[in-house]
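Be aware that the sequence shown starts at 148, since it is given in this note's numbering, and climbs by one per residue. Glycine included, each C-beta is placed from N, C-alpha and C at the ideal position. Keep in mind the model is a prediction, meaning the values are calculated, not measured.
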Amino acid sequence: ATGQRVLLLARSDTPVTAANAPGNLEPLAFILLDQKIRPDASDTLRYFDSQGVAVKVISGDNAAAVGAVTTQLGVDVGTPVDARTIPEASFAETINENAVFGRVTPDQKRAMVAALRGAGHTVAMTGDGVNDVLALKDADLGIGMGSGTSATRSVAKIVLLDDKFASLPHVVGEGRRVVGNIERVARLFLTKTVYSAVLAIAVLLFALPYPFVPIHVTITGWFTIGIPAFLLSLPPNNDAARPGFVQRVMRFGFPAGLIVGVATFITYVMLYDGAASSAYATQVSTATLLTMIIASSWVLVVVARPYVWWKILLILLPLVGYGVIFLWPLTQRVFMLDSSNSGAMALGTLVGAVGAALIEALWWFLGLRFGEPARLWQSAEQRAAQRTQAELRKKATAERRAGDGARVSVAAAVK
């Protein structure tokens with residue numbers, strides 16, 4: 148079967164109003180009607196397949212015809228299933244094991260979504276007709292078409308106004324970017340909050356003056372937290388969203404902040420002399436700030452992974468900025484620093500390096516203990532996924548609205 152509809156054109160001498168109409172028919176021609184496939188559907192389904200998404204096609208049309216159309220899209224359809232023949236006892240098992248279903252009623256579409264969700268899948272459902280409303284409403288993510296019925300659009304959580312399937316990879320990519328990058332930024336800010344609290348509590352307990360003036364905090368706020376956090380929130384992120392967002396942020400942020408805070412306080416305590424001159428106090432503050440910068444900068448080094456070229460620049464440029472601030476006499480005066488005490492600076496560097504090493508060890512430990520991805524560089528698969536998303540976005544922008552395609556519903560079950 149090719150999925151085409153066949154129309155027989157015939158002629159009869161019997162009037163259509165006659166009692167014995169149509170009478171004897173003389174065949175004249177066969178007319179073959181093709182299902183019009185959306186031009187972006189194939190690339191979109193291929194993208195989701197590469198992302199580990201199981202695609203299931205359900206339609207009210209003949210199962211063989213739906214299977215033929217789906218084959219043209221490059222989907223491994225297996226044997227198309229006529230939904231009317233599915234035994235109720237094995238309904239859920241049949242839905243999970245097969246990919247293409249025909250002659251599906253609205254109630255069966257709803258039951259299919261329930262079966263997939265019952266098997267532990269997260270289900271996204273696309274549809275444009277009234278018969279899709281029940282399934283769209285029950286799916287984790289209902290996706291309607293702009294040209295669909297008002298009932299479909301009202302229950303859908305996302306509506307594709309341009310009817311372009313090529314928009315879906317962009318939707319997924321945007322969601323991953325927001326969730327993934329918020330997690331990166333949250334780790335940075337939680338670390339800063341924790342080490343600031345640790346340092347404040349420590350100086351209170353030991354009855355010591357706070358080691359920094361406000362402008363010192365501005366330095367780390369610029370180059371370690373503020374600017375890097377803003378830039379890390381912008382790029383694409385193709386890591387699939389996973390449960391446990393808060394737990395992952397806390398597992399890293401609390402111990403990393405504790406390491407930075409303790410390392411900073413150790414340097415301060417080792418160098419502090421209450422009877423010393425104001426010049427020496429400035430040198431102590433400078434060395435203590437150096438410890439904080441080295442340790443907290445390594446938090447940025449870890450959070451920015453996996454690396455691409457611009458992330459390397461994001462790490463190196465602040466280091467250049469710190470070098471200018473600490474070594475140039477003009478910036479030393481502006482930021483109230485004094486790096487002339489080589490012994491104090493050496494101690495600050497050493498303690499900061501130890502703190503950085505502990506943060507690196509923490510990152511690897513979390514990767515091994517909790518199975519979190521510990522990748523230094525962006526993988527080829529991630530780069531390929533980004534290219535695919537970019538290509539699909541270009542196609543969606545360049546193409547005009549296509550005509551009405553085959554009305555099928557696609558349910559995607561994510562393992």
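Can you check DSSP and say which residues form a bridge with residue i?
i    : result
L307 : M292
G274 : G291
V260 : Paired residue(s): none; V260 is not in a bridge.
E173 : R158
D229 : G249
I178 : L154
Taking the alpha-carbon positions, what's the residue i to residue j distance?
i    : j    : result
A165 : R158 : 15 Å
A549 : G293 : Below a pLDDT of 50, predicted positions are generally treated as unreliable, and A549, at 44, falls in that range; no measurement from the model is reported.
A168 : P162 : 7 Å
I472 : N488 : 16 Å
L463 : L192 : 40 Å
M397 : L509 : 13 Å
I242 : A410 : 57 Å
L154 : Q182 : 14 Å
V204 : D254 : 16 Å
R480 : Q430 : 12 Å
F377 : L180 : 54 Å
L436 : A266 : 54 Å
V360 : S425 : 13 Å
A354 : M439 : 20 Å
H268 : G291 : 20 Å
S432 : L484 : 8 Å
L515 : E321 : 29 Å
L474 : I506 : 26 Å
F482 : H363 : 7 Å
R231 : T252 : 9 Å
P390 : D287 : 15 Å
N245 : A258 : 15 Å
F177 : F392 : 60 Å
W511 : L477 : 40 Å
S297 : D229 : 29 Å
R264 : G289 : 13 Å
V557 : S444 : Any answer about V557 is weak, because its pLDDT of 46 lies below 50 and its placement is not dependable; what the coordinates show is given next. If you take the alpha carbons of V557 and S444, they lie about 46 Å apart.
P356 : P402 : 25 Å
L308 : I184 : 18 Å
R554 : P186 : Confidence at R554 is low in this model, with a pLDDT of 42, below 50, so the placement of that residue should be treated as unreliable; the coordinate-derived value is given next. Those two C-alpha atoms are separated by around 14 Å.
L214 : A388 : Correcting the residue type first, residue 214 is Gly in the shown sequence and not Leu. Cα-Cα distance, rounded: 31 Å.
V345 : E240 : 55 Å
A219 : Q394 : The sequence shown places Gln at residue 219, not Ala. So the two alpha carbons sit approximately 44 Å from each other.
Please say whether residue j and residue i have beta carbons closer to each other than 7 Å?
i    : j    : result
Y427 : P358 : no
T299 : D285 : no
P375 : L466 : no
V450 : R323 : no
Y342 : G400 : no
T217 : V247 : yes
K311 : A282 : no
A503 : I441 : yes
A601 : P227 : For the chain, the structure presents residues 148 to 562; residue 601 sits outside this window and is missing.
L175 : L156 : yes
R452 : L337 : no
I372 : K339 : yes
I think residue i touches residue j, with their Cβ atoms under 8 Å apart; what is that distance to the nearest whole Å?
i    : j    : result
A491 : A434 : 4 Å
R250 : G207 : 6 Å
I413 : V350 : With a Cβ gap of about 13 Å, I413 and V350 do not count as contacting.
Y469 : F370 : 6 Å
S380 : V319 : 18 Å between Cβ atoms; not a contact.
F238 : A262 : 6 Å
A313 : D190 : 7 Å
L418 : L494 : 7 Å
Exercise. May I ask you to verify whether the stretch 365 to 384 touches the stretch 321 to 336, counting CB pairs closer than 8 Å and requiring at least 3?
Key: Yes: at least three Cβ pairs fall under 8 Å.
Quiz item: Is there contact here, the stretch 214 to 223 with the stretch 190 to 201, by at least three beta-carbon pairs under 8 Å?
Solution: yes
Self-check item: Three or more C-beta pairs below 8 Å linking the stretch 294 to 309 and the stretch 263 to 280
Solution: Judged by pairs of C-beta atoms under 8 Å, the stretch 294 to 309 touches the stretch 263 to 280, as three or more such pairs exist.
Self-check item: At least 3 beta-carbon pairs within less than 8 Å: the stretch 402 to 409 vs the stretch 451 to 460
Solution: no
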